[in-house]
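For reference, the structure discussed in these notes is given below.
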Amino acid sequence: IVNMASVQGLASQPAVSAYAASKGGMLSMSRSMALDFAADNIRVNCVCPGSVDTPMLRWAAARFAASDPAGVVREWGKGHALNRVARADEVAEMVLFLAGPRSSFCTGAAYLVDGGMLAAL
6 IVNMASVQGL ASQPAVSAYA ASKGGMLSMS RSMALDFAAD NIRVNCVCPG
56 SVDTPMLRWA AARFAASDPA GVVREWGKGH ALNRVARADE VAEMVLFLAG
106 PRSSFCTGAA YLVDGGMLAA L
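Each number in my numbering corresponds to the 1-based position in the sequence shown with 5 added.
Structure below.
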């Protein structure tokens, strides 16, 4: 089982309290599930992306500055050590790894795919 949380579940920023709380809950639930299902050899992990170029992010950027949402996304990218937001396929690669046999000893953990966002918070 691979659950999707967020870097916001580990460290938050202003104006995202409900979102951060939901992602923190997802992290806690995933750890508990990992313990509950381990005897059945079911692994449970969480992926914690930073900002990802998705329709949700573009919607938020347009609400922030309708005249230049792409500029807002670029600006938000500067909050990551790699100086950009992630692409969805970069997050998908982590999900595929965790769902596959190469992660057979991984359970109950949170995996950052955040381009260094948490390090910069």
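Where a beta carbon is used, it is the ideal one built from N, C-alpha and C, also for glycine. Computed from a predicted model, the values in this text were never measured in an experiment.
Helix, strand or coil at V96 according to DSSP, with G and I counted as helix: Here residue 96 is taken as the residue at index 91 of the sequence shown, counted from 1. If DSSP states are grouped into helix, strand and coil, V96 belongs with the helices.
V78, enclosing beta strand (DSSP E) - first and last residue: Taking the sequence shown and counting its residues from 1, the one referred to as residue 78 is at position 73. Run containing V78: none in the beta strand (DSSP E); it sits in the alpha helix (DSSP H), P74 to G82.
Three or more C-beta pairs below 8 Å linking the stretch 11 to 28 and the stretch 44 to 54: With a cut-off of 8 Å, the stretch 44 to 54 and the stretch 11 to 28 count as touching, because enough Cβ pairs lie within range.
Per-residue burial, W81 [other beta carbons within 10 Å of its own, 16 or more giving buried]: Residue numbering aside, residue 81 sits at position 76 when the sequence shown is read from its first letter. Classification for W81: buried.
Sequence-distant residues of the same chain with beta carbon closer than 6 Å to I6, five excluded per side: Counting from one through the sequence shown, the residue named residue 6 turns up at place 1. Once the five neighbours on either side are set aside, the close Cβ partners of I6 are V49.
Three-state class that DSSP yields for V21 in the structure shown: In the sequence shown, the residue the question calls residue 21 occupies position 16. Secondary structure at V21: coil, using DSSP grouped into helix, strand and coil.
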